[in-house]
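Each remark here refers to the structure printed beneath this line.
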Amino acid sequence: NGCDSTAILNLTINPSTTSSSTVTACDDYSWNGTVYTASGSYTYSTLNSNGCDSTATLNLTINPSTTSTSSATACDSYTWNGTTYTTSGVYTYLTTNSNGCDSTATLNLTINPSTTSSSTVTSCDDYSWNGTTYNASGTYTYSTTNSNGCDSTATLNLTINPSTTSTSSATACDDYLWNGTTYSASGTYTYSTLNSNGCDSTATLNLTINPSTTSTTAVTACDDYLWNG
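Spelled out as structure tokens, the structure:
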């Protein structure tokens with residue numbers, strides 16, 4: 061028609077959106093429904109409220125937790141990370157490593173006990189125990205190691221009773237009765253028995269036997285005879 065035509069556009073431009081975040085986590089990290097176990101840069105695309113693209117970027121650092129296992133054998137007790145243990149078992153200790161993540165240490169512990177023993181002995185004169193001879197009463201100890209390599213302490217409560225000896229001298233005519241035996245010759249004799257403590261009692265006799273003498277004479281006299289008064 062050769063006349064003016066005017067068009068009007070009412071335009072709204074909605075922007076796409078982007079975002080970026082930096083995260084450090086231990087072992088894994090869940091983001092927008094996905095679990096990540098390795099460090100890296102990850103993106104997630106969706107629509108924003110205007111219906112335009114929305115892109116999120118995650119700069120992720122994954123630091124691992126750490127574990128360690130050790131074994132130990134000890135006598136009676138064992139101190140580990142500030143705690144003293146007296147029984148065998150498996151123990152754990154939790155702390156954080158240099159990255160701030162869990163650090164779990166496991167200890168396989170064997171506790172071997174020390175052993176003690178006590179004995180009471182009564183002996184005459186002396187007593188030999190573990191290579192040493194004792195001649196006086198008392199309490200003695202002997203330390204060694206048991207089959208587990210731990211201390212083994214033995215205690216001996218020892219009573220020593222002495223043997224006794226005695227010596228006597230005797231002089232007799234013809235014979236001498238001593239402790240149930242008759243002796244007719246000079247000499248040194250011993251008699252052994254037990255004293256009140258059950259130990260040897262030895263008596264020694266130094267004996268002198270002097271023989272009696274006899275003589276015979278023949279006399280012929282008239283009427284009477286004077287002899288020995």
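Add 60 to the 1-based position in the sequence shown for the numbering used here, that's all there is to it.
No residue lacks a Cβ here, since even glycine has one placed at the ideal position from N, Cα and C.
Here the structure is a predicted model, which is why all the values come from computation and not from measurement.
CB contact flag (residue i, residue j, <9 Å)
i, j, result
"A232", "N270", "yes"
"L169", "W189", "no"
"S178", "A214", "yes"
"C259", "D185", "yes"
"T117", "T77", "no"
"L167", "T146", "no"
"A281", "S226", "no"
"T176", "S212", "yes"
"S246", "T268", "yes"
"Y194", "I171", "no"
Residue environment, residue i, which counts as buried when at least 16 other CB atoms sit within 10 Å
i, result
"Y285", "exposed"
"L237", "exposed"
"L293", "Here the chain has residues from 61 to 289 only, and residue 293 is not among them."
"L71", "exposed"
"L120", "buried"
"L69", "exposed"
"L107", "exposed"
"L254", "exposed"
"L218", "buried"
Counterpart residues of residue i in DSSP-defined beta bridges
i, result
"T204", "S212"
"N217", "T180, T199"
"W238", "T241"
"Y138", "Y145"
"G247", "L267"
Cβ-heavy atom distance, residue i to the ligand HEM, below 8 Å
i, result
"W140", "With respect to the ligand HEM, the structure offers nothing, as it holds no ligand at all."
Quiz item: Are at least three pairs of beta-carbons, each pair with one atom in the region 199 to 208 and one in the region 157 to 164, less than 8 Å apart?
Solution: no
Practice problem: Enumerate, from N- to C-terminal direction, the unbroken beta strand (DSSP E) stretches of 3 or more residues contained entirely within the region 72 to 135. | Solution: 77 to 86, 89 to 91, 94 to 96, 100 to 107, 113 to 123, 126 to 135
Quiz item: For the 8 Å Cβ check, are there 3 or more pairs between the region 129 to 138 and the region 98 to 118?
Solution: no
Quiz item: Does the region 124 to 133 come close enough to the region 80 to 88 that 3 or more CB-CB pairs lie under 8 Å?
Solution: yes
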